[in-house]
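2 protein chains.
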Amino acid sequence: MKQAAMEIAPANLDLTEILDRIDASVAEGHISEADQWIESLEPADRLIVLSRLSRLTRRNLFLGLPAEKAADYLHDIPEVQALNLLQGIEPNDAVHILDELPKDERADLVGELPQSAQDSILAEMKSDVAAEVRDLIEYEDEEAGGMMYVEFVAVPASLTLGEVTRKLQDNAADIAGYDVQYIYVVESGSGKLVGVLRLRDLLFSTPSQSVRSLMIVAPIAVKATQTLKNLHQFFADHSFVGVPVVDDEDRLVGVLRRGDVENALAEKYANHYMKSQGIVDEELRAMPLGLRAGRRLSWLSINIVLNIVAASVIAFYQDTLAQVIALAVFLPIISDMSGCGGNQAVAVSMRELSLGLVKPSEVSYVLKKEIGVGLINGFCLGLLIAAVAWLWQGNAWLGLVVGIAMMANTLLAVALGGTLPLVMRLLKLDPALASGPILTTVTDMCGFFLLLSLASLWLDKLI
Amino acid sequence: MKQAAMEIAPANLDLTEILDRIDASVAEGHISEADQWIESLEPADRLIVLSRLSRLTRRNLFLGLPAEKAADYLHDIPEVQALNLLQGIEPNDAVHILDELPKDERADLVGELPQSAQDSILAEMKSDVAAEVRDLIEYEDEEAGGMMYVEFVAVPASLTLGEVTRKLQDNAADIAGYDVQYIYVVESGSGKLVGVLRLRDLLFSTPSQSVRSLMIVAPIAVKATQTLKNLHQFFADHSFVGVPVVDDEDRLVGVLRRGDVENALAEKYANHYMKSQGIVDEELRAMPLGLRAGRRLSWLSINIVLNIVAASVIAFYQDTLAQVIALAVFLPIISDMSGCGGNQAVAVSMRELSLGLVKPSEVSYVLKKEIGVGLINGFCLGLLIAAVAWLWQGNAWLGLVVGIAMMANTLLAVALGGTLPLVMRLLKLDPALASGPILTTVTDMCGFFLLLSLASLWLDKLI
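Here it is, written out as structure tokens:
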């Protein structure tokens, strides 16, 4: 197999050529030949190739592969492509592939599908599986229930250790795929979590001991509705690798691992960054051009309208500008520098909110802290730009006007930038998404107004 | 204790008041009273309070607490404060606290200290501990050796399962704090990794069986020098919870858990976001004002110089501007919109690089993809702004000039924004840090030049 792989992928083929060969093989219905190409690649290249297949090729490839293999690949490709694929094939084909995934990943994917696709896939699932998936997709992505792992081992407290060991042995085939570190002990009947048994405790004890005598009683658990921020804090406070998740009636519903929380945080940070730069929905360059351009354009359209609104302040002061044309040079500088200073403050607030170092209600604390920075940095930047203006035009009044406008606007931008994310959070809006455009528009308008109204006031000194 | 805690922290005290009380208690040398205040807080509030203590109070508090408690708190507070604290106390006090941390966290902290502080702390450590720490800090933060966990259980292949169980029982006290899921099997003498034993396999087998007969032979391992990107890919390809880490001679040196990789990725994303917004070093609002303002200012200074350079293009065309003053309204719009469009492309490239969906060498692939988006969005934005200019001033030529400048500059910004992160990566520079300022400066200069040179060319049509 390795030999065959080496023959099939000579080192001189680049990814584009390999993509073409896979396309051709799939088009001719030679799915296993296409898969040999994919298998022959290094993992890093394999991911790139799988993500760049055309929609049609990817669809036909996945339909032709054994379900288990298709599920492996589905797990590897970016989620947005996995969702597209599931919507592009027959619901019962989708169910065959989904059945091979771990239960929590299966539910995550189904939960992200549009309602109609979700309904048709759930209708094709066995009723008990569909019920399981429905229960899981009820949870929000950023709460314990939405992140937890549901393939755990639970036993009633009434068993002996010997009976537990036998139970594990009997189910060894199923359990083999699980991430077992603890055995959870539940009350028979109610399913309430009453204890935790460490796998290693089974080793150190005699088979006749009862589970109840050895288990850690009243174990720490988290509610399925706990939020990501609290869970992050929880794992910072406790050195646990995982923690059981219970519902409102204290019934065991899953296990949350430290890695699941870190993973969700990584996604959240990636999202902050993407949104702050104007990429609102996940975009991959392998997506169709029209979709990519359209999504970016919808964000740009809002921005251009806000920009025109802000620039209308300039239009209002055309007469002043016509008499002191040098001001036109400083308009973009003041606009851009306020943006920079304000965005720094936004970033610090986003970080402190994420780490739990500031509460959304602490607006006045942040304001106080940012006013200090705004005064110092506004003064320094104002002084610098005043000197540049004075030296360039030989007019100290121009320096004064430009310097004051820069100082005042930097202070405003820093104070607004620091507090805006907290206020947005209080209003249950997404701070990553709106802070940028709101900040830029307000500081642009104020900056243009400050510079041009001061210039109008002292016009006789500037001409 | 719980009762006492409730008495000591009545619900009507806010965090500032509690901070004052802790300050006062520590100043009077009543450390355990201060700690009772801290213990009485909810975990989320505790983190906020610990992070906002003054440097002096934090220092005296940590020195007064039992080492184990101090280590717990050290683990909770932001890393940058933990490092400050370690530098502010005597090296031997630092060592007492560090000794209570897991080995990998201890090494991470020591590794982040400035060289002189690192040397004095290492000199105070027991020589075997210091040697361990030295070995660990040799690894980069973003490679397997820098992220791995070093408290694992390893046994020689020659033992029987019964001997292994006895060994575990004898060391139960030490091992209790470990995250044991697998027992690693090494060749006696060389320390080479030869197998892996699952904890649960010990349960299902007879004590007289040999480790060698039951272990998974030639287990998958990663090299200590593997990079974060490859490790992320590794865990995407394998459903392992952890993987053994070996050095160049295949000796077992640690265990890397999925969560460690996710954690490092979360940090990386957070860093991308912070740097892209101009926060280069970690900043907490609890830090001294001068430090915060100074760090932000050093980034702003570079930006203001670049801004002045870009705006000098406007100064060059003052005569044109003086004759068509309406152009001044469109200068900031073109500058800002190119920035927006370019930053979107930067963000998509950063994301695709992080996910391994594009290789730094694929500049031409990205360029091709971005030119499509740049043409479509440049055309749309150009058309819109042309219409605004025409309607406002009633001059179709003005619309044409503004529209063409917007189109061409958007295309440039998108193409440059998409490829810049790849080029920076090829040049081993940090794309998150420099893409923004470079992009803005280039697109500002080109945008101003395009608008004003076109206007100069068709000046007779515009007046």
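From first to last, the protein sequence lines are chains A and B.
Residue numbers for the first sequence follow my numbering, so the first one is 38 and each next one is one higher.
Residue numbers for the second sequence follow my numbering, so the first one is 38 and each next one is one higher.
Ideal Cβ placement from N, Cα and C applies to all residues, glycine included.
Chain-order list of chain A residues neighbouring Q263 (chain B): empty, with the shortest C-beta distance near 12 Å, by a criterion of under 7 Å.
Straight through space, the alpha carbons of G182 (chain B) and R83 (chain A) are spaced by roughly 25 Å. Against chain A, the beta carbon of A81 (chain B) has neighbours under 9 Å at K266, N267, Q270, G393, K396, listed in chain order. Rounded to whole angstroms, the gap between the alpha carbons of K260 (chain A) and D287 (chain A) is 8 Å. Looking at the DSSP output, S247 (chain B) shares a beta bridge with B:T197. Not a single C-beta of chain A is nearer than 7 Å to the C-beta of Y354 (chain B). If you draw a straight line from the Cα of A160 (chain B) to the Cα of L150 (chain B), it is about 14 Å long. The closest CA to that of K406 (chain A), considering only B:P325, B:I370, B:A363, is found on B:P325. Identification of chain A residues near E389 (chain B) by a Cβ-Cβ cut-off of 8 Å yields L321, R322, ordered along the chain. Apart from the 5 residues on each side of it in sequence, G331 (chain B) has no Cβ closer than 7 Å to any other Cβ in its chain. When C-beta distances to chain A are compared with 9 Å, every residue of the segment 61-75 of chain B stays at or above that value.
Chain-ordered listing is empty here: chain B has no CB closer than 9 Å to the CB of D145 (chain A), the nearest sitting near 15 Å. Counted as a single uninterrupted DSSP element, the stretch harbouring G411 (chain B) is not any beta strand (DSSP E) but the alpha helix (DSSP H) occupying residues 400-430.
In the DSSP annotation of this structure, the continuous segment of the beta strand (DSSP E) that includes L234 (chain A) starts and ends at 230-235. Taking each of A:T94, A:L135, A:A469 in turn and checking the Cα distance to I316 (chain A), the smallest one comes out for A:A469. In its chain, beyond the 5 residues on either side, R92 have a beta carbon closer than 8 Å to the beta carbon of N121 (chain A).
The residue among A:P193, A:R329, A:L135, A:L494 with its C-alpha nearest the C-alpha of I408 (chain B) is A:R329. Using a CB distance below 8 Å, the part of the segment 410-444 of chain A facing chain B consists of V410, I413, N414, C417, L418, L421, I422, V425, W429, ordered along the chain. Membership of V366 (chain A) in the alpha helix (DSSP H) is indicated by the continuous run 364-392. Judged by beta-carbon spacing, L236 (chain B) lies beyond the 7 Å limit of L198 (chain B), meaning their Cβ atoms are not closer than that value.
The Cβ neighbour count for E79 (chain B), taken over all protein chains shown within 10 Å, is under 16; the residue is labelled exposed. Of all residues in the segment 168-190 of chain B, none comes within less than 7 Å of chain A when Cβ atoms are compared.
Interface with chain B (7 Å Cβ-Cβ cutoff): N380 (chain A) is included. DSSP places Y354 (chain B) outside any alpha helix (DSSP H), giving it a letter other than H or E. Considering only B:P128, B:M185, B:V460, the residue with the shortest C-alpha distance to D145 (chain B) is B:M185.
Note that the segment 361-368 of chain A does not touch the segment 439-452 of chain B; fewer than 3 beta-carbon pairs, one per stretch, sit closer than 8 Å. In summary, P244 (chain A) is exposed, with fewer than 16 beta-carbon neighbours lying within 10 Å of its beta-carbon over all protein chains present. By the C-beta density criterion, R89 (chain B) is buried, having at least 16 other C-beta atoms within 10 angstroms.
Neighbourhood of N300 (chain B) in chain A, by CB distance below 7 Å: E299, in chain order. Comparing C-alpha distances from I345 (chain B) to each of A:K312, A:L364, A:L337, A:A359 shows the shortest one belongs to A:L364. The alpha carbon of R462 (chain B) has as its nearest neighbour, out of B:E389, B:L230, B:L494, the alpha carbon of B:E389. The straight-line gap separating the alpha-carbon atoms of W74 (chain B) and I59 (chain B) is approximately 7 Å. In the DSSP assignment, R58 (chain A) falls within the unbroken alpha helix (DSSP H) covering 52-64. Rounded to whole angstroms, R322 (chain A) and V385 (chain B) show a C-alpha spacing of 8 Å.
In the structure shown, T264 (chain B) falls within a strand segment according to DSSP collapsed to helix, strand and coil. One Cα belongs to G393 (chain A), the other to E399 (chain A), and the distance between them is close to 12 Å.
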